[in-house]
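Peer 1:
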Amino acid sequence: MDAPPTQQERREATQDEVANLQHVADSVPAVVWVALVAGAAERFTFYAATTPWQNYIQNGRGNLAVPGSLGLSQANATNISNAFFFFSFLSPLPFAIISDVWIGRYKTLCLSFSLNICGCLALFVTSLPYVTKNSIKIAGLAISMVFLGLGTGGVRATVSPFIGDQYTVLTPQLIVTKKGKNFVTDRTLTLQYIYNVFYWFTNIASLSLIASTYLEKEVDFWTAYLLPLSTVWMLIPLMLFWQKEFVKLSPQGNVLPQAAKVIACAIRGRFRLDAAKPAFQAAMYGREVEWTDQFVSEMKKGLIACKVMACFVPFYLCTSQLTNNLISQAGQTRLGGIPNDTIQALNSNACVLLGPLIQKILYPALQRNGIAFKPIARMTSAFVIMSTAMAFTAGLQKLMYTRGPCYDQPLSCPDSKDGRIPNDISVWTQTPVYFLLAGAEILGFATLLEYSYSKSPQDMRSLVQALRQVTAGIGSALGIATSPLAANPRILYCIRA
Numbered sequence: 123m124d125a126p127p128t129q130q131e132r133r134e135a136t137q138d139e140v141a142n143l144q145h146v147a148d149s150v151p152a153v154v155w156v157a158l159v160a161g162a163a164e165r166f167t168f169y170a171a172t173t174p175w176q177n178y179i180q181n182g183r184g185n186l187a188v189p190g191s192l193g194l195s196q197a198n199a200t201n202i203s204n205a206f207f208f209f210s211f212l213s214p215l216p217f218a219i220i221s222d223v224w225i226g227r228y229k230t231l232c233l234s235f236s237l238n239i240c241g242c243l244a245l246f247v248t249s250l251p252y253v254t255k256n257s258i259k260i261a262g263l264a265i266s267m268v269f270l271g272l273g274t275g276g277v278r279a280t281v282s283p284f285i286g287d288q289y290t291v292l293t294p295q296l297i298v299t300k301k302g303k304n305f306v307t308d309r310t311l312t313l314q315y316i317y318n319v320f321y322w323f324t325n326i327a328s329l330s331l332i333a334s335t336y337l338e339k340e341v342d343f344w345t346a347y348l349l350p351l352s353t354v355w356m357l358i359p360l361m362l363f364w365q366k367e368f369v370k371l372s373p374q375g376n377v378l379p380q381a382a383k384v385i386a387c388a389i390r391g392r393f394r395l396d397a398a399k400p401a402f403q404a405a406m407y408g409r410e411v412e413w414t415d416q417f418v419s420e421m422k423k424g425l426i427a428c429k430v431m432a433c434f435v436p437f438y439l440c441t442s443q444l445t446n447n448l449i450s451q452a453g454q455t456r457l458g459g460i461p462n463d464t465i466q467a468l469n470s471n472a473c474v475l476l477g478p479l480i481q482k483i484l485y486p487a488l489q490r491n492g493i494a495f496k497p498i499a500r501m502t503s504a505f506v507i508m509s510t511a512m513a514f515t516a517g518l519q520k521l522m523y524t525r526g527p528c529y530d531q532p533l534s535c536p537d538s539k540d541g542r543i544p545n546d547i548s549v550w551t552q553t554p555v556y557f558l559l560a561g562a563e564i565l566g567f568a569t570l571l572e573y574s575y576s577k578s579p580q581d582m583r584s585l586v587q588a589l590r591q592v593t594a595g596i597g598s599a600l601g602i603a604t605s606p607l608a609a610n611p612r613i614l615y616c617i618r619a
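Residue numbers (this note's numbering): 123 to 619.
(1) Which ranges would you report for the alpha helix (DSSP H) in the region 357 to 439 if only whole runs of at least 4 residues count?
(2) Run through DSSP, which three-state label would PHE206 get?
(3) Could you tell me which whole alpha helix (DSSP H) segments of length 4 or greater appear in the region 465 to 516?
(4) Counting Cβ pairs, one atom from each stretch, are 3 or more of them under 8 Å apart for the region 193 to 200 and the region 307 to 322?
(5) Per DSSP, which one or two residues make a beta bridge with ASN304?
(6) Under 8 Å by Cβ, that's how I've got ALA472 and ALA560 pegged, so tell me the actual separation to the nearest angstrom.
(7) Quick test of your reading: VAL281 and LEU143, contact by CB under 8 Å. State the CB separation rounded to the nearest angstrom.
(8) Does the distance from the C-beta atom of LEU237 to that of LEU270 stay below 9 Å?
(9) By how many angstroms is the C-alpha of THR200 removed from the C-alpha of ASN446?
(10) Which ranges does the alpha helix (DSSP H) cover as unbroken runs of at least 4 residues, wholly within the region 124 to 165, from first to last along the chain?
(11) On the DSSP bridge assignment, give the partners of SER191 in chain order.
(12) Have a look at LEU243 and LEU263 and give me their C-alpha separation to the nearest angstrom.
(13) Once DSSP output is grouped into helix, strand and coil, what is the label at ARG590?
(14) Assuming ASP287 is part of the alpha helix (DSSP H), what are its boundary residues?
(15) Just the Cα atoms here: how many angstroms apart are ASN469 and ASP537?
(16) Per DSSP, which one or two residues make a beta bridge with SER352?
(17) Nearest-angstrom Cα distance between LEU245 and TYR347?
(18) Between the alpha carbons of SER328 and PHE166, how many angstroms are there, rounded?
(19) Quick check: what's the CA-CA separation for LEU444 versus ARG542?
(20) Identify, in the order they occur along the chain, each residue of the same chain with its Cβ nearer than 8 Å to the Cβ of GLY226, setting aside the five sequence neighbours on each side.
(21) Helix, strand or coil: how does DSSP classify ARG583 here?
(22) Let me know the secondary structure DSSP gives ARG525 once reduced to three states.
(23) Could you name the residues of the same chain whose beta carbon sits closer than 6 Å to that of ALA568, not counting the 5 residues immediately before and after it, in chain order?
(24) Can you tell me whether GLN365 is buried or exposed? The criterion is at least 16 other CB atoms within 10 Å of its CB, across all chains shown.
(25) Run through DSSP, which three-state label would ARG542 get?
(26) By DSSP, does ARG618 sit in helix, in strand, or in coil?
(27) Contact between the region 573 to 586 and the region 422 to 432 is defined here as three or more beta-carbon pairs at a separation below 8 Å; is this criterion met?
(28) Using 8 Å for Cβ pairs, my map puts LEU231 next to PHE284. What's the rounded Cβ distance?
(29) Using only the alpha-carbon positions, how far apart do LEU533 and SER221 sit?
(30) Go ahead and label LYS255 buried or exposed: buried means 16 or more other beta carbons lie within 10 angstroms of its beta carbon, across all protein chains shown.
(31) Just the Cα atoms here: how many angstroms apart are ASP148 and LEU292?
(32) Below 7 Å CB to CB, which residues in the same chain sit around GLN403 once its five sequence neighbours on both sides are set aside?
(33) Grouping DSSP H, G and I as helix and E and B as strand, with all else coil, what is ARG612?
(34) Ignore the nearest five residues each way along the sequence and tell me which others in LEU272's own chain have a CB closer than 7 Å to its CB.
(35) On the DSSP letters alone, give me the boundaries of the alpha helix (DSSP H) that ALA333 sits inside.
(36) Could you tell me whether the region 452 to 462 touches the region 543 to 557, using the rule of 3 or more Cβ pairs below 8 Å?
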C-alpha cells in the first residue's frame, strides 16, 4: 500500500496551502488499524466456514474424487449457497436500522460477532464424526446458515462506516516531513487509502480458505470448521479491550420517517429533491417542515450513491460464481492433488498482489499525467474487466467440453471410473479468471465502499451500506433463478448469461 508520508510538524492548512500544495493521504490512527483488523478477522472466519460448503453439500461421503458429506447434487448445492448469500445480503437492513436508530455501530458489531460464534459452533458440532445422520447434519447446517447470515449481515451493515468513523479529521492539515517537504492532507484520499487497505486486509484474511479446504480434504470437515470457531471468539475480547479508544457516534434517532417525507415531497415536486427544502415548502404550500436544507442535500448525495449501487447487481451475480460454479468447474478438471475449492484462493492472492500495485503505481501514475481516475471511472473499468472474466470463464467451460474422457458430462460417464478421472484439462487454466476477477473487485468493491461512505448522510451510513448489500442480495436472487442451469452441459448457458 502507498503509505502516507512520515510527518514532523502538523497544523491546520490555510486556503492558499490547500490550493497550491500537493494533497496526500493522512496518517492513519491506531484505532483505525484495530477496526481494520477486526473486520479482516471476521472475513477470515466467514471464508473458512463457508468455502467448504459447496463440497459439503454437493458431494456424498463416498466420493473418491473430491470431499463430500450430504450428497445433494451440484444444482442443489448452488441453490442453497445462493439462498444463504441472498439471506446474508438482506439481513443488513434490520441491523442498519438497529445501529442507526437505537444502539449504534459498536454495539451492533459486538452483537453480530456473537451471532457468528453461535453459527460456527453449530456447524462444528454437527460435522463431528459421531454425527452420522444426514438429517442432523442438514439441521446443523441450516442453523449455522441462519446465525452466520445474521451475523454477517450485521457486520456488513456496520463495519465499513465504523472504520470510516474512526478517522475524525475533517479539515485539511499541513504536514511538514523530516526532509522539509510540505504536503496537505486530503480526507478523500485518506478514506480511499483506508478502504483500499481494508479490502487488501480482507483478501489476506480470505486466504483462510486454503487452510480450511486442505483440512477438509486431508482430515475431515469438522477440522475445517474448527478453524473459524477458533478465530471468531477472539473478536469480542478485541472489541472490549479497545472500547474506550473507539469513536462511537451516538445514534441520532429514527430519521427514516423524515427521509420518507423528504422523498414524498420530492415525488410531488416532479422528482426534484430541491422541492423538499424548507424554503420551497413554505413558499409553495405555506407549511413548516422538521428537516433542514442540509438534510435534503445529504439525502440527495445518498440517493446518488444508491443509484450507483443498483448498477452493481450483475456485478455481484458474476462474483458469486467464485463460491459455487467455479468450484464445481474446478472439481471436473485435473487437480494434481489440490482441493478443488482451494483454487479460488488465487483470487485472494491476486487481490493481495494487485492491490498495492494499483494503489502505489497505477493511481499515482495517472495523477502525475493529469488523468482524474475518479470513483465512477474506476467502477466503470471494473465492469469492463468483469465482463472479460465471465467471457473467459465461458470459453474455458466450452474448452473443457472438448476434452475427454467425458466431454460435456464430466465425471459422469463410464470412462471416468466412478468419478475418479476428470476431463483432460488442468485446473490451472482457471488462473486468468481469478486475476481478472481480482482486478474488477479492487476497482469496483473498494471504490464502492469509499464512494458509498462519503456520499451517505452521517446518521444513515449503516442504512446506505445495508442497501449496498441488498443489491448483492438481488444478485444472489438472480443466481438462484439461474441455478437450474448449474448442471452439465447447461452450465455453459448460465455462465454466458
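Each residue gets a CB set at the ideal place from its N, CA and C atoms; glycine is no exception. Remember, predicted model here, so these are calculated numbers, not experimental data.
Peer 2: Here's the rundown:
(1) The qualifying runs are 357 to 363, 378 to 390, 400 to 407, 415 to 432.
(2) Within the sequence shown, numbered from 1, the residue matching residue 206 stands at position 84. Helix.
(3) Listed in chain order, the complete alpha helix (DSSP H) runs (minimum 4 residues) inside the region 465 to 516 are 467 to 479, 485 to 490.
(4) The region 193 to 200 and the region 307 to 322 do not touch, with fewer than 3 CB-CB distances between them shorter than 8 Å.
(5) In the sequence shown, the residue the question calls residue 304 occupies position 182. Per DSSP, VAL298.
(6) As a working mapping, residue 472 is identified with position 350 in the sequence shown. As a working mapping, residue 560 is identified with position 438 in the sequence shown. Yes, ALA472 and ALA560 are in contact; Cβ-Cβ is about 3 Å, under 8 Å.
(7) Within the sequence shown, the letter at position 159 stands for residue 281. Within the sequence shown, the letter at position 21 stands for residue 143. Here VAL281 is actually not in contact with LEU143; their C-beta atoms are around 33 Å apart, not less than 8 Å.
(8) The count along the sequence shown starts at 1 and reaches residue 237 at position 115. The count along the sequence shown starts at 1 and reaches residue 270 at position 148. Inclusion of LEU237 and LEU270 in the CB contact set at 9 Å is warranted, their separation being smaller than that value.
(9) The sequence position of residue 446 within the sequence shown is 324, counting from 1. The sequence position of residue 200 within the sequence shown is 78, counting from 1. One C-alpha to the other measures close to 6 Å.
(10) Whole alpha helix (DSSP H) segments, 4+ residues: 137 to 142.
(11) To locate residue 191, count along the sequence shown from 1; it is residue 69. Paired residues: GLY182.
(12) Position 121 of the sequence shown, counted from the first residue, corresponds to residue 243. Position 141 of the sequence shown, counted from the first residue, corresponds to residue 263. Rounded to the nearest angstrom, the two C-alpha atoms are 11 Å apart.
(13) Residue numbering aside, residue 590 sits at position 468 when the sequence shown is read from its first letter. Here ARG590 sits in helix by DSSP.
(14) Locating residue 287 in the sequence shown gives position 165, where the first residue counts as 1. Taken as a continuous stretch (DSSP letters only), the alpha helix (DSSP H) holding ASP287 covers 256 to 287.
(15) Your numbering for residue 469 matches position 347 in the sequence shown. Your numbering for residue 537 matches position 415 in the sequence shown. Cα to Cα, the separation comes out at about 32 Å.
(16) In the sequence shown, counting from the first residue as 1, residue 352 sits at position 230. Paired residues: none, contrary to the question.
(17) Residue mapping note: residue 245 aligns to position 123 of the sequence shown, counting from 1. Residue mapping note: residue 347 aligns to position 225 of the sequence shown, counting from 1. For LEU245 and TYR347, the distance between alpha carbons rounds to 7 Å.
(18) To locate residue 328, count along the sequence shown from 1; it is residue 206. To locate residue 166, count along the sequence shown from 1; it is residue 44. So the two alpha carbons sit approximately 5 Å from each other.
(19) Here residue 444 is taken as the residue at index 322 of the sequence shown, counted from 1. Here residue 542 is taken as the residue at index 420 of the sequence shown, counted from 1. Near 23 Å, if we compare the C-alpha coordinates of ARG542 and LEU444.
(20) To locate residue 226, count along the sequence shown from 1; it is residue 104. Excluding its 5 nearest sequence neighbours in each direction, GLY226 has C-beta neighbours in its own chain below 8 Å: LYS370, LEU371, SER372, PRO373, listed in chain order.
(21) Sequence index remark: in the sequence shown, residue 583 carries index 461 (1-based). Three-state result, ARG583: helix.
(22) Here residue 525 refers to the residue found at position 403 when the sequence shown is read from its first residue. It is coil, neither helix nor strand.
(23) Residue numbering aside, residue 568 sits at position 446 when the sequence shown is read from its first letter. Closer than 6 Å at Cβ, skipping near neighbours: TYR317, ASN318, TYR321.
(24) Looking up residue 365 in the sequence shown gives position 243. Exposed, because fewer than 16 other Cβ atoms sit within 10 Å of the Cβ of GLN365.
(25) Numbered from its first residue, the sequence shown carries residue 542 at position 420. Correct three-state label for ARG542: coil.
(26) Counting from 1 along the sequence shown, the entry for residue 618 is found at position 496. In this structure, ARG618 counts as helix in the three-state DSSP scheme.
(27) A contact exists between the region 573 to 586 and the region 422 to 432.
(28) Here residue 231 corresponds to residue number 109 of the sequence shown, with the count starting at 1. Here residue 284 corresponds to residue number 162 of the sequence shown, with the count starting at 1. Contact between LEU231 and PHE284 holds, since their C-beta atoms are separated by about 6 Å, short of 8 Å.
(29) Here residue 533 refers to the residue found at position 411 when the sequence shown is read from its first residue. Here residue 221 refers to the residue found at position 99 when the sequence shown is read from its first residue. Near 49 Å, if we compare the C-alpha coordinates of SER221 and LEU533.
(30) Within the sequence shown, residue 255 is the residue found at index 133, counting from 1. LYS255 is classed as exposed because its beta carbon has fewer than 16 other beta carbons within 10 Å across all chains shown.
(31) As a working mapping, residue 148 is identified with position 26 in the sequence shown. As a working mapping, residue 292 is identified with position 170 in the sequence shown. Looking at the two C-alpha atoms, the distance is approximately 11 Å.
(32) In the sequence shown, counting from the first residue as 1, residue 403 sits at position 281. CYS387, ARG409, VAL411.
(33) Taking the sequence shown and counting its residues from 1, one reaches residue 612 at position 490. Three-state result, ARG612: coil.
(34) Stepping through the sequence shown from its first residue, residue 272 is reached at position 150. Once the five neighbours on either side are set aside, the close Cβ partners of LEU272 are SER213, LEU237.
(35) Residue 333 sits at position 211 when you count from the first residue of the sequence shown. 330 to 340 is the span of the alpha helix (DSSP H), which, as asked, contains ALA333.
(36) Counting C-beta pairs closer than 8 Å gives three or more between the region 452 to 462 and the region 543 to 557, which meets the contact rule.
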